[in-house]
Amino acid sequence: MLHSMSTTVEFASERSADEVNEEIRALWRRSGGTLSVEQREEYQRLVLEWAAAAPQPAKAA
5 MLHSMSTTVE
15 FASERSADEV
25 NEEIRALWRR
35 SGGTLSVEQR
45 EEYQRLVLEW
55 AAAAPQPAKA
65 A
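Numbering (the working numbering), first residue to last: 5 to 65.
Here is the structure:
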């Protein structure tokens with residue numbers, strides 16, 4: 005069975021990139037370096053949240 009991935013990202017709270025990064029690191033530590041299907045889904049959600057929270061570099065003129 006194939007599952008479609010939502011293209012909408014919704015976050016329960018506004019966390020800093022550092023906070024999300026720490027949760028990503030904790031996920032990897034708990035997994036022992038190999039993510040299950042559920043953990044991969046959580047990782048993908050966290051990476052998207054991290055990217056949204058990360059400061060954007062200034063554009064050159």
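Virtual Cβ for every residue (Gly too), placed ideally from N, Cα, C.
For residue i and residue j, I'd like the C-alpha separation in whole angstroms.
i, j, result
"ALA57", "SER40", "25 Å"
"GLU46", "ASN25", "13 Å"
"MET5", "ALA64", "Its pLDDT being 47, under 50, MET5 is placed unreliably by the model, and the measurement read from it follows with that caveat. Their Cα atoms are separated by approximately 46 Å."
"THR11", "GLU42", "At THR11 the pLDDT is 48, less than 50, meaning the model places this residue with poor confidence; the figure from the coordinates comes in the next sentence. Cα to Cα, the separation comes out at about 18 Å."
"GLY37", "PRO59", "27 Å"
"SER35", "ARG44", "10 Å"
Following the continuous alpha helix (DSSP H) through residue i, name the residue where it begins and the one where it ends.
i, result
"GLN43", "41 to 57"
Check whether the Cβ atoms of residue i and residue j lie closer than 8 Å to each other.
i, j, result
"ALA21", "TRP54", "yes"
"ILE28", "LEU52", "no"
Taking residue i as the reference, which of the options has the closest Cα?
i, options, result
"TRP32", "GLN60, GLN48 and ARG19", "GLN48"
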